[in-house]
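>
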Amino acid sequence: MKALVIGGTGPTGPFIINGLRARGYETAMLHRGAHELPENPPDIEHIHSDPHFRETLDEGLAGREFDLVIATYGRVRVIAEALIGKTPRLIAIGGAVCYRGMMQPGANTPPGMPIPTREDAQRIANREEFEFGWLIRHTEDTVMEAHAAGHYNATMFRYPMVYGPNSIRSLEWHIIKRVQAKRRQIILPEGGLTVLSRGYAENMAHAVLLAADKPQASAGKTYNCADEQGLTVAQWVQMIARSMDWEFEICSLPGSYAYSAADFLLYHNSVHHQIMDIAAIREDLGYRDVVRMQDAIPRTINWMLKHRPDTTPLDYTMEDRLLAVYNQTKAELQKIPFTPQPVHHSYAHPKQPGEGRDHRNR
Amino acid sequence: MKALVIGGTGPTGPYLVNGLIARGYEVAMLHRGTHELDENPPEVEHIHVDPHFRETLDPVLQGRKFDLVIATYGRIRIIAEALIGITPRLITIGGPPSYRGMFNPQDNIPPGMPIPTPENAQRIESTEEASFGWLIRQTEDTIMGFHKAGHYNATTFRYPMVYGPNAIGSLEWLIMKRAQDKRRQIALADSGLSIVSRGYAQNMAHAVLLAVDKPDAAAGKIYNCADEQAITVADWAQMIARCMNWEFEICGIPELYAHASRDFLPLDTSTHHQLMDLYQIRNDLGYKDIVPMQKAIPLTVEWMLKHRPDNDGKFSNREDPLNYALEDQLLAIYNEAQAKFQKVPFRKKEVHHPYPHPKVAGQARDHRNR
Chain U
1 MKALVIGGTG PTGPFIINGL RARGYETAML HRGAHELPEN PPDIEHIHSD
51 PHFRETLDEG LAGREFDLVI ATYGRVRVIA EALIGKTPRL IAIGGAVCYR
101 GMMQPGANTP PGMPIPTRED AQRIANREEF EFGWLIRHTE DTVMEAHAAG
151 HYNATMFRYP MVYGPNSIRS LEWHIIKRVQ AKRRQIILPE GGLTVLSRGY
201 AENMAHAVLL AADKPQASAG KTYNCADEQG LTVAQWVQMI ARSMDWEFEI
251 CSLPGSYAYS AADFLLYHNS VHHQIMDIAA IREDLGYRDV VRMQDAIPRT
301 INWMLKHRPD TTPLDYTMED RLLAVYNQTK AELQKIPFTP QPVHHSYAHP
351 KQPGEGRDHR NR
Chain V
1001 MKALVIGGTG PTGPYLVNGL IARGYEVAML HRGTHELDEN PPEVEHIHVD
1051 PHFRETLDPV LQGRKFDLVI ATYGRIRIIA EALIGITPRL ITIGGPPSYR
1101 GMFNPQDNIP PGMPIPTPEN AQRIESTEEA SFGWLIRQTE DTIMGFHKAG
1151 HYNATTFRYP MVYGPNAIGS LEWLIMKRAQ DKRRQIALAD SGLSIVSRGY
1201 AQNMAHAVLL AVDKPDAAAG KIYNCADEQA ITVADWAQMI ARCMNWEFEI
1251 CGIPELYAHA SRDFLPLDTS THHQLMDLYQ IRNDLGYKDI VPMQKAIPLT
1301 VEWMLKHRPD NDGKFSNRED PLNYALEDQL LAIYNEAQAK FQKVPFRKKE
1351 VHHPYPHPKV AGQARDHRNR
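Keeping their order, the protein sequence lines are chains U and V. Per this note's numbering, the first sequence starts with residue 1, numbered consecutively. Per this note's numbering, the second sequence starts with residue 1001, numbered consecutively.
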């Protein structure tokens, strides 16, 4: 059996390639050749070709056939077309950005993406609404049209923000460096309450490999995938700190002013939740995390410190300016006297029989 | 077929009673008799007795048999014992306080309840950990013990905070009053980003009735239940306001100091999310909302305005439930801080996806050097 992985040097690449080999596939990689990873076995074939263009793909794929192709990188709608006649089975990676409300929260009522977001949630309808999201949606449609036309059996995954060894944008560094600089206070928009579904690389590769194992159950399906347990920004920050024996004081700022956090939060500090519903991969593919998030985060941090030390200092001027205002405000808030009163359940809980109303008049 | 509903005058009661009648059951209600609802048909037998005690339950249940009992109210672990020999099928209602992390977020790593919280999440282990949660957990264990012992086929639902017609302790009033009083700013802990799974009464009754219809699939199971789409506190407040042609300016106060908005969260819990995983009821029982949250909230507000225009001023057991004086103090500090933050100069950076997206073939790195 022959498999082709398009991409393969991102965080999930080595897990997918080694997983395919463990399943008995003779595996080749097609990628630009700009990066290589030591985790990929030395004996696999490399097709160095740019997976963004028909001309380079046709050249690299000329005369080739594969029992399975997993396309994790490149211009997937171009790849989907180039693969017609070359494979009976295509698994392709897209992303959650095709959902309406991710980048323009106001497009939904209530604003933001549905909590949680299911695969059948509303997607971006046209290019004018949001170009990047539309391209991703258009890619999904292209792949599924080729599936419906019988060109191959296709499955798509909407990857969340992937973390772990070899992940490309390692936002974790912004937190690690703050720990190394022994900064106690960290500014997070709205206390960092925003939930963002993330996926540990090994878990996401596992989801993809389950689809390789279950071609019937996953035929023509588009799946969300993410770690089983979602994380708030604050939890993510504290988990990173914890794995370095540190704890932050989280300083809650309105999203629109928490500028310093924009570096590690993307999306201009949008505080809307992005929680993927993963019932479908659980139901169809029996998905369960291979590594729990509680273990995956420390593992990621250790890997980063060991393999990609980054010593570029961060500039904390902005954060310190904001913290000055925050601390003044906090001092004002602390002056307000407040004694919490106990709250009772609104239903009657009589302590003895025969009372009309209970001791709290419920 | 005979069914007994214990309770029946809460928000899900009439939907259960009428749903059972529609399924051909002859329905009786057992409750204290303190409240009655017009929605329950007059032909329903009423057994007026307190469902919190063996001594009150035993005399009225003696000699009675029911094909099905749904226990929504009372001291359920006592009810579960009292029903042995009386019914082959028991569906009971509990709640998520049995989960570790709801009242003491720091007991979990990371703090709070898992997002989302599946039924097999860690529960409260002892009365010292959280006494109310421990009671709820003990109740679940008692019922499932009787199920395993073969006394009856039992199913338990963990009701979220239920809203809709006839809801008791309606937090909606705290928001509706603010809209009526034309308060533009509302102080919410961390801008009301907390997600709280809630359940519209008709939806929750539907979940329970699905367990009536599918006794085998639901046998011995404990289910979360909630509306399919959850909502944040901020969106909940804005949706209520919108029903009253109002819109708030949401003012985020750090949680520790957001005293005025504590009552917007169920049972004074923290701002940690309370999002229930609904995989099991969807999968086992085919649960889907009857009324989506986007329609259920307006229906609730409309009902409250019509039937309980000011709820006799009893929308809370607090002395000053609206707490405007405190809220105004917080808002003054908030507004002052906004003015200061506005003076901090800032220019937005462009954000690009980290993976290269070459525009022409044959480049080693793309136009953004990726």
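By construction, the Cβ of each residue, glycine as well, lies at the ideal position given by its N, Cα and C atoms.
Quick check: is the beta carbon of Glu1255 (chain V) nearer than 8 Å to any beta carbon in chain U?
For the purposes of this step, residue 1255 (chain V) is taken as residue 255 along the second sequence, with counting starting at 1. Yes, because at least one Cβ of chain U sits closer than 8 Å to the Cβ of Glu1255 (chain V).
> I want to verify the contact list: residues of chain U whose CB lies under 8 Å from the CB of Leu1083 (chain V), in sequence order.
Sequence index remark: in the second sequence, residue 1083 (chain V) carries index 83 (1-based). Chain U residues near Leu1083 (chain V): none, gap ~18 Å exceeds 8 Å.
> Report the option in V:Pro1042, V:Trp1173, V:Arg1032 whose CA atom is closest to the CA atom of Glu1026 (chain V).
The residue given as residue 1026 (chain V) occupies position 26 in the second sequence. Per the Cα distances, V:Pro1042.
> Three-state secondary structure (DSSP) at Leu1016 (chain V)?
Here residue 1016 (chain V) is taken as the residue at index 16 of the second sequence, counted from 1. Residue state, collapsed to three classes: helix.
> May I ask you to list, following chain order, the residues of the region 1038 to 1063 of chain V that have a beta carbon less than 7 Å from some beta carbon of chain U?
From the region 1038 to 1063 of chain V, only Asp1050, His1052, Phe1053, Glu1055, Thr1056 have a Cβ closer than 7 Å to chain U.
> To the nearest angstrom, how far is it from the Cα of Lys1221 (chain V) to the Cα of Gln1274 (chain V)?
To locate residue 1221 (chain V), count along the second sequence from 1; it is residue 221. To locate residue 1274 (chain V), count along the second sequence from 1; it is residue 274. So the two alpha carbons sit approximately 21 Å from each other.
> Comparing the C-beta of Ala211 (chain U) with each C-beta of chain V, is any distance below 8 Å?
Mapped onto the first sequence, residue 211 (chain U) falls at position 211. By this cut-off, Ala211 (chain U) is not an interface position.
> Should the region 1209 to 1227 of chain V be called in touch with the region 1354 to 1368 of chain V, which here means at least 3 C-beta pairs below 8 Å?
no
> Measure the CB-CB distance between Lys1148 (chain V) and Phe1066 (chain V) and report whether it falls below 8 Å.
Taking the second sequence and counting its residues from 1, the one referred to as residue 1148 (chain V) is at position 148. Taking the second sequence and counting its residues from 1, the one referred to as residue 1066 (chain V) is at position 66. No, the Cβ-Cβ distance between Lys1148 (chain V) and Phe1066 (chain V) is not below 8 Å.
> My assumption, with CB atoms under 8 Å, is that Ile1297 (chain V) sits in contact with Cys1243 (chain V). Please give the rounded CB distance.
Within the second sequence, numbered from 1, the residue matching residue 1297 (chain V) stands at position 297. Within the second sequence, numbered from 1, the residue matching residue 1243 (chain V) stands at position 243. Indeed, because the Cβ distance is near 7 Å, the residues count as touching under 8 Å.
> Suppose you measure from the CA of Asp1190 (chain V) to the CA of Gly354 (chain U); what does that come to, to the nearest Å?
The count along the second sequence starts at 1 and reaches residue 1190 (chain V) at position 190. The count along the first sequence starts at 1 and reaches residue 354 (chain U) at position 354. Approximately 45 Å between the Cα atoms of the pair.
> Take Tyr1334 (chain V) as the anchor and find which of U:Tyr25, U:Thr311, U:Thr339, U:Tyr326 has the nearest alpha-carbon.
Your numbering for residue 1334 (chain V) matches position 334 in the second sequence. Of U:Tyr25, U:Thr311, U:Thr339, U:Tyr326, the residue nearest in Cα terms is U:Tyr326.
> Who are Val1162 (chain V)'s beta bridge partners in DSSP?
By one-based count along the second sequence, residue 1162 (chain V) stands at place 162. The partner list for Val1162 (chain V) (beta bridge, DSSP) reads V:Gly1199.
> Is Ile1078 (chain V) helix, strand or coil when you go by DSSP?
Within the second sequence, the letter at position 78 stands for residue 1078 (chain V). In the three-state scheme derived from DSSP, where H, G and I count as helix and E and B as strand, Ile1078 (chain V) is classed as helix.
> Nearest by alpha-carbon distance to Trp1303 (chain V): which of V:Ile1240, V:Gln1280, V:Gln1342, V:Thr1072 is it?
If you number the second sequence from 1, residue 1303 (chain V) lands on position 303. Here the closest residue by C-alpha is V:Ile1240.
> Is it true that the region 205 to 218 of chain U meets the region 149 to 169 of chain U, where meeting means three or more beta-carbon pairs spaced less than 8 Å apart?
Between the region 205 to 218 of chain U and the region 149 to 169 of chain U there are three or more inter-stretch CB-CB distances shorter than 8 Å, so the stretches are counted as touching.
> Does at least one heavy atom of the ligand MN sit under 7 Å from the Cβ of Ser170 (chain U)?
No copy of the ligand MN occurs in the structure displayed, which carries no ligand at all.
> Spell out whether any CB of chain U is found under 8 Å from the CB atom of Phe1248 (chain V).
Along the second sequence, one-based indexing puts residue 1248 (chain V) at 248. Chain U contact via Cβ: absent.
> So, is the C-beta of Val1344 (chain V) closer than 8 Å to a C-beta in chain U?
Translated into positions along the second sequence, residue 1344 (chain V) becomes position 344. So yes, Val1344 (chain V) belongs to the interface.
> Candidates U:Gly101, U:Lys330, U:Val290, U:Pro313: which alpha carbon is nearest Ala205 (chain U)'s?
Here residue 205 (chain U) corresponds to residue number 205 of the first sequence, with the count starting at 1. The shortest Cα separation from Ala205 (chain U) among U:Gly101, U:Lys330, U:Val290, U:Pro313 belongs to U:Val290.
> On the DSSP bridge list, what partners appear for His31 (chain U)?
Translated into the one-based positions of the first sequence, residue 31 (chain U) becomes position 31. Beta-bridge pairing links His31 (chain U) to U:His48.
> Near Tyr287 (chain U), which residues of its chain fall below 7 Å by C-beta distance, leaving aside the five closest residues on each side in sequence?
The residue given as residue 287 (chain U) occupies position 287 in the first sequence. Here the set comprises Ala207, Leu210, Ile278, Ile281.
> Per DSSP, what kind of secondary structure is His1035 (chain V) in: helix, strand or coil?
As a position in the second sequence, residue 1035 (chain V) is number 35, starting the count at 1. DSSP places His1035 (chain V) in coil when its eight states are reduced to three.
> Alpha carbon to alpha carbon, how far is Met239 (chain U) from Phe264 (chain U)? Give it in angstroms, no decimals.
Residue mapping note: residue 264 (chain U) aligns to position 264 of the first sequence, counting from 1. Residue mapping note: residue 239 (chain U) aligns to position 239 of the first sequence, counting from 1. The alpha-carbon atoms of Phe264 (chain U) and Met239 (chain U) are separated by roughly 15 Å.
> Listed from N- to C-terminal order along the chain, which residues in the region 1171 to 1183 of chain V have their beta-carbon within a distance smaller than 7 Å of any beta-carbon of chain U?
none
> Where does the unbroken beta strand (DSSP E) through Pro189 (chain U) begin, and where does it stop?
As a first step, residue 189 (chain U) is located in the first sequence; it is residue number 189 there, counting from the start. Here the beta strand (DSSP E) through Pro189 (chain U) covers 185 to 189.
> Which residue comes first and which comes last in the beta strand (DSSP E) that contains Tyr223 (chain U)?
Within the first sequence, numbered from 1, the residue matching residue 223 (chain U) stands at position 223. From DSSP, the beta strand (DSSP E) with Tyr223 (chain U) extends over 222 to 224.
> Flag Gln1294 (chain V) as yes if its beta-carbon sits less than 8 Å from any beta-carbon of chain U, otherwise no.
On the second sequence, residue 1294 (chain V) is found 294 positions in, with the first residue counted as 1. Closer than 8 Å: yes.
> Using only the alpha-carbon positions, how far apart do Ala1337 (chain V) and Gln294 (chain U) sit?
Taking the first residue of the second sequence as position 1, residue 1337 (chain V) is located at position 337. Taking the first residue of the first sequence as position 1, residue 294 (chain U) is located at position 294. Across the structure, Ala1337 (chain V) and Gln294 (chain U) are spaced so that their CA atoms are roughly 36 Å apart.
> So what does DSSP say about Met161 (chain U), is it helix, strand or coil?
Along the first sequence, one-based indexing puts residue 161 (chain U) at 161. DSSP places Met161 (chain U) in strand when its eight states are reduced to three.
> Pair every Cβ in the region 318 to 337 of chain U with every Cβ in the region 190 to 200 of chain U, then say whether three or more of these pairs are closer than 8 Å.
no
> List the residues of chain U that Ser1194 (chain V) touches, going by C-beta distances under 8 Å, in chain order.
The residue given as residue 1194 (chain V) occupies position 194 in the second sequence. Simply Leu193.
> Hey, quick one: how far does the beta strand (DSSP E) through Cys1251 (chain V) stretch, first residue to last?
Indexing the second sequence from 1 puts residue 1251 (chain V) at position 251. Counting along the chain, the unbroken beta strand (DSSP E) around Cys1251 (chain V) starts and ends at 1249 to 1253.
> Return the chain-ordered list of same chain residues with a C-beta closer than 6 Å to the C-beta of Val1005 (chain V), the five sequence neighbours on each side being excluded.
Position 5 of the second sequence, counted from the start, is the residue given in the question as residue 1005 (chain V). Closer than 6 Å at the Cβ level, and outside the excluded window around Val1005 (chain V), lie Leu1016, Val1017, Met1029, Ile1070.
> What would DSSP say about Tyr1099 (chain V), mapped onto helix, strand or coil?
For this step, residue 1099 (chain V) is matched to residue 99 along the second sequence. Reduced to three states, the DSSP call for Tyr1099 (chain V) is strand.
> If we ignore side chains and look at the alpha-carbon of each, how far apart do Ala1179 (chain V) and Met113 (chain U) end up?
Here residue 1179 (chain V) refers to the residue found at position 179 of the second sequence. Here residue 113 (chain U) refers to the residue found at position 113 of the first sequence. Using only the alpha carbons, I get a separation of about 26 Å.
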